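Novice: 15 is the number of the first residue of the sequence shown in our numbering; add one for each residue after it.
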Amino acid sequence: MIETSEIEITFGEDDRHTEARASLTIRGATFVSTGRAKRNPADPNMPMVGEELAAARALSDLSHQLLDAAAETISEREG
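(1) With H, G and I counted as helix, E and B as strand and the rest as coil, what does DSSP make of Thr-18?
(2) According to DSSP, what are the bridge partners of Glu-27?
(3) Assuming Thr-32 and Gly-64 make a contact with CB atoms under 8 Å, what is their CB distance in whole Å?
(4) According to the neighbour-count rule (16 or more other Cβ atoms, all chains shown, within 10 Å of its Cβ), is Ala-36 buried or exposed?
(5) Which whole-angstrom value describes the C-beta separation of Arg-53 and Arg-30, a residue pair presumed to lie in contact below a C-beta threshold of 8 Å?
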C-alpha cells in the first residue's frame, strides 16, 4: 500500500518579517504549524533567506507535532 500526503507551505511577509504556515493531513488528521523569521534592519533584504528560515521553523514544529501524535497513539493502544 502506498499513501501520499503533501505538505502545503504558505508565506506572508513584510519588509521585516516572514511567516510560513505548514499544513499536512494524514488519514483525516490535520496538523498545522507556523514559523517566523525576523530580518535585522542592518541586513540586506533577501526574502529567500526569510522564507527558508520561516519554513524550516514551521516544518520543525510540524515534525514535533507528528512525533507527539504518534506517541499519543502508541500510549493509547498500550494502555
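Note that the Cβ used here is the ideal one computed from N, Cα and C, for glycine as well. Since this is a predicted model, take the numbers as computed values, not measurements.
Specialist: A quick look at the data gives this:
(1) coil
(2) Thr-32
(3) That pair is a contact at about 3 Å.
(4) It is buried - the Cβ of Ala-36 has at least 16 other Cβ atoms within 10 Å.
(5) 5 Å
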